[in-house]
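Everything on this sheet refers to the single structure shown next.
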Amino acid sequence: MANFQISAGAIAIDFGTSNTVIARWNPVTQEPETLSIPAISVQQSGNPPIIPSLVYIQEATQGKVLVGQEVRDRGFDLKNDARFFRSFKRGIGADIPGFLPEIDGELVNFEQVGKLFLTQIIEKLAPMQGGVDSLVLTVPVDSFEAYRHWLGQVCQALPVERVQMIDEPTAAALGYGLADQEILLVIDFGGGTLDLSLVRLDQSVQTKKPVGFLLKWGNKSLAENSRQKPKTARVLAKAGLNLGGTDIDNWLIDYFAKTQGIAVTPLTTRLAERVKIQLSTQKQASEVYFDDENFESYELQLNREVFDHILEEQRFFTQLDDAMTSLLQQARRQGVEVADINAVLLVGGTVQLPAVQTWVKRYFQPEQIRCERPFEAIAQGALQLAQGMEIKDFLYHSYGVRYWDRRHQRHSWHSIIKTGQAYPMSQSVELVLGASLENQPSIELIIGELGSEAASTEVYFDGDRLITRRIAEGVTSVKPLNDQAGARTIAQLTPPGYPGSDRIKVLFQVDEQRFLRITVEDLLTNDTLLENQLVAQLS
Numbered sequence: 011m012a013n014f015q016i017s018a019g020a021i022a023i024d025f026g027t028s029n030t031v032i033a034r035w036n037p038v039t040q041e042p043e044t045l046s047i048p049a050i051s052v053q054q055s056g057n058p059p060i061i062p063s064l065v066y067i068q069e070a071t072q073g074k075v076l077v078g079q080e081v082r083d084r085g086f087d088l089k090n091d092a093r094f095f096r097s098f099k100r101g102i103g104a105d106i107p108g109f110l111p112e113i114d115g116e117l118v119n120f121e122q123v124g125k126l127f128l129t130q131i132i133e134k135l136a137p138m139q140g141g142v143d144s145l146v147l148t149v150p151v152d153s154f155e156a157y158r159h160w161l162g163q164v165c166q167a168l169p170v171e172r173v174q175m176i177d178e179p180t181a182a183a184l185g186y187g188l189a190d191q192e193i194l195l196v197i198d199f200g201g202g203t204l205d206l207s208l209v210r211l212d213q214s215v216q217t218k219k220p221v222g223f224l225l226k227w228g229n230k231s232l233a234e235n236s237r238q239k240p241k242t243a244r245v246l247a248k249a250g251l252n253l254g255g256t257d258i259d260n261w262l263i264d265y266f267a268k269t270q271g272i273a274v275t276p277l278t279t280r281l282a283e284r285v286k287i288q289l290s291t292q293k294q295a296s297e298v299y300f301d302d303e304n305f306e307s308y309e310l311q312l313n314r315e316v317f318d319h320i321l322e323e324q325r326f327f328t329q330l331d332d333a334m335t336s337l338l339q340q341a342r343r344q345g346v347e348v349a350d351i352n353a354v355l356l357v358g359g360t361v362q363l364p365a366v367q368t369w370v371k372r373y374f375q376p377e378q379i380r381c382e383r384p385f386e387a388i389a390q391g392a393l394q395l396a397q398g399m400e401i402k403d404f405l406y407h408s409y410g411v412r413y414w415d416r417r418h419q420r421h422s423w424h425s426i427i428k429t430g431q432a433y434p435m436s437q438s439v440e441l442v443l444g445a446s447l448e449n450q451p452s453i454e455l456i457i458g459e460l461g462s463e464a465a466s467t468e469v470y471f472d473g474d475r476l477i478t479r480r481i482a483e484g485v486t487s488v489k490p491l492n493d494q495a496g497a498r499t500i501a502q503l504t505p506p507g508y509p510g511s512d513r514i515k516v517l518f519q520v521d522e523q524r525f526l527r528i529t530v531e532d533l534l535t536n537d538t539l540l541e542n543q544l545v546a547q548l549s
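Structure (structure tokens):
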């Protein structure tokens, strides 16, 4: 570990779909440690303290909520109650078909629930730590810009001087504290996402540039105050899926509903989750519950053989293979073969399933695989950003513009900034546009973040459950960044435009926070109509 002092208020939060972990840098021991917050944290045998990612809204208009273990202690997670939220992280920044509840006369969305959850944690944590000076938050590798933009907005309202973001798998690689110059594969499999990241840890020259995705900057850089040369975590390849332990819970309760006629409720879903957890260490699992309100009893039994068959039916391992194949192909383009990977780090609750560990061993030798810190490696690794760790990363998604495909008579997307582009970009990408009509008063352009063209997943409602389904291969998942009224217009033309000549020049740039920004210049008047504007904030 580094020798220099870190602020006692440096905190890292690994906000997960199922569980959230908080770590701080202990200035006395010069080591990271995982924190427990009274009432909302829980610590099970052999595991570090975690906060269940649960919210119960007591009063929507006043933002009064219960979070974490206090929701379970009062039994709110076992009832069909519109005030109770779980797995809400995977709905943040996503366009989800279905309905959202109305609570106390207000429609509540997942962004609001996530903000209440994180804000409540910070409020409870700050007095324990004498304030929070520096905060590092982790994000899934497959997250779209809308999620990162939401996280940035939440942070602006927090009483924290400095806030940064880092990809979850990269943080995990740092959290295992392995030697420099090693090539590490991180398999981060939590409640909502599977993230694969190939990372090289090495030593860089002294730098005074901000590190990570910097969301909020105070008066000083901890890296500048250090005499140490900051380490560099270089991301070589990455792949992700919107797939996690929550999906497995849903598959299990659907199996019990089909085979035993058990109703799908928060209670029975929780029992199915407990069965899954038991199967991490046992070959046979059972859960018995008596509901004293309606005098009904439940008994769920399952063995590993049937469990593995359920996973096969859901094409679980096929999806894992697709993600691994994508990552290894990227690695080969970087000149890295499987034999060059020094260690494979397993992170997240779902990696504890024997079926997942068996799958990993199909690609790597047992001595390469590490699984001793599945819950706290990400949060503790994220703290290293506060020690002057510089992250050199690339775009996992590409950016494009929508156009009309005359051949197929449909809208399609043209990529303007490709996947794999390093950021912040040293040069802008230029696009020149002209008017298409006589006396055209403005020019519209719909800009989107383009996911992988391989098979992927989308989130949707099934009743009151938030679940995922697989999208066919060859279909590009797209998150439009400005497809709403008032935001599509990027240029007001004065005088009006006419067909036949170029009228505006659009410059695209990705900044150090991985946000897309545009500058728009009027070629006729030489006026700058927009300058370095964040696309997600166009209005």
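With positions in the sequence shown counted from 1, the corresponding number in our numbering is that position plus 10. Every residue gets a Cβ at the ideal spot worked out from N, C-alpha and C, and that includes glycine. For clarity, every value in this text was computed on a predicted model and none was experimentally measured.
Ranked by Cα distance from Leu204, the first of Val196, Gly254, Trp414, Leu195 is Gly254.
Lys248 sits in a strand when the DSSP states are folded into three classes. Nearest to Ala353 by alpha-carbon distance, out of Leu338, Thr368, Asp331, Gln378, is Gln378.
With a cut-off of 8 Å on Cβ pairs, the segment 500-510 is in contact with the segment 437-455, counting three or more such pairs.
The beta carbon of Leu117 lies closer than 8 Å to those of Leu110, Pro111 in the same chain, with the five residues before and after it left out. Under the Cβ criterion (8 Å, minimum of three pairs), the segment 171-179 does not count as touching the segment 329-337. Annotation: the continuous beta strand (DSSP E) that includes Thr148 extends over 144-149. Short of 6 Å from the beta carbon of Ile21, and not among the five residues preceding or following it, lie these beta carbons of its own chain, in chain order: Arg34, Val142, Leu145. By the criterion of at least three beta-carbon pairs nearer than 8 Å, the segment 388-395 is in contact with the segment 39-49.
For the pair Leu64 and Gln72, the Cα-to-Cα distance works out to about 18 Å. The C-beta separation of Glu121 from Trp160 comes to about 5 Å, placing the pair in contact by the 8 Å criterion.
Listed as beta-bridge partners of Asn313 by DSSP are Gln294. Taking Leu441 as the centre and dropping the five residues before and after it, the same chain places the C-beta of Val516 closer than 6 Å to its C-beta, in chain order.
Considered as a whole, the segment 34-117 harbours 79-83 as its complete alpha helix (DSSP H) runs of no fewer than 4 residues, in chain order. Below 8 Å, enough C-beta pairs join the segment 306-321 and the segment 261-270 to call them touching: three or more. In the structure shown, Arg280 adopts helical secondary structure according to DSSP, grouped into three states. The alpha-carbon separation between Val164 and Asp493 amounts to approximately 22 Å. Per DSSP, Gly410 is one residue of the beta strand (DSSP E) stretching across 408-415. In the three-state DSSP reduction, Leu211 falls in the strand class (E or B). If you compare the alpha carbons of Tyr157, Trp369, Ser28 with that of Gly103, the shortest gap goes to Tyr157. In the structure shown, Asn29 falls within a strand segment according to DSSP collapsed to helix, strand and coil. Looking only at Val545, Arg96, Gly496, the smallest Cα-Cα distance to Thr279 is reached by Arg96.
Rounded to whole angstroms, Val170 and Leu128 show a C-alpha spacing of 13 Å.
Of all alpha-carbon atoms in Ile514, Leu195, Ala273, Gln340, the one lying nearest the alpha-carbon of Leu356 is that of Leu195. Counting every other CB atom within 10 Å of its CB across the protein chains shown gives Lys293 a total below 16, marking it as exposed.
For Lys515, the enclosing beta strand (DSSP E) starts and ends at 512-520. For Ser336, there is no enclosing beta strand (DSSP E); the residue is part of the alpha helix (DSSP H) that begins and ends at 326-343.
Residue environment: His421 is assigned as exposed (fewer than 16 neighbouring CB atoms within 10 Å of its CB, all protein chains considered).
Comparing alpha carbon positions, the residue from Ser55, Leu246, Asn252 closest to Lys99 is Asn252. By the criterion of a C-beta distance shorter than 7 Å, Ala70 is surrounded in its chain by Ile113, Asp114, Glu116, Val118, once the five residues flanking it on both sides are discounted.
DSSP, reduced to helix, strand and coil, places Pro490 within a strand of the structure shown. Between Asn57 and Phe518, the C-beta gap is not smaller than 8 Å, which leaves the two residues out of contact.
If you check the CB distance, Tyr409 and Glu459 come in under 8 Å. Sequence-distant partners of Gln375 (beyond 5 residues in either direction) whose C-beta falls short of 6 Å from its own C-beta are missing from its chain. If the five residues before and after Gln394 are omitted, its C-beta is found closer than 6 Å to the C-beta atoms of Leu184, all from its own chain and listed in chain order. DSSP places Ile272 outside both helix and strand once states are collapsed to three, so it counts as coil.
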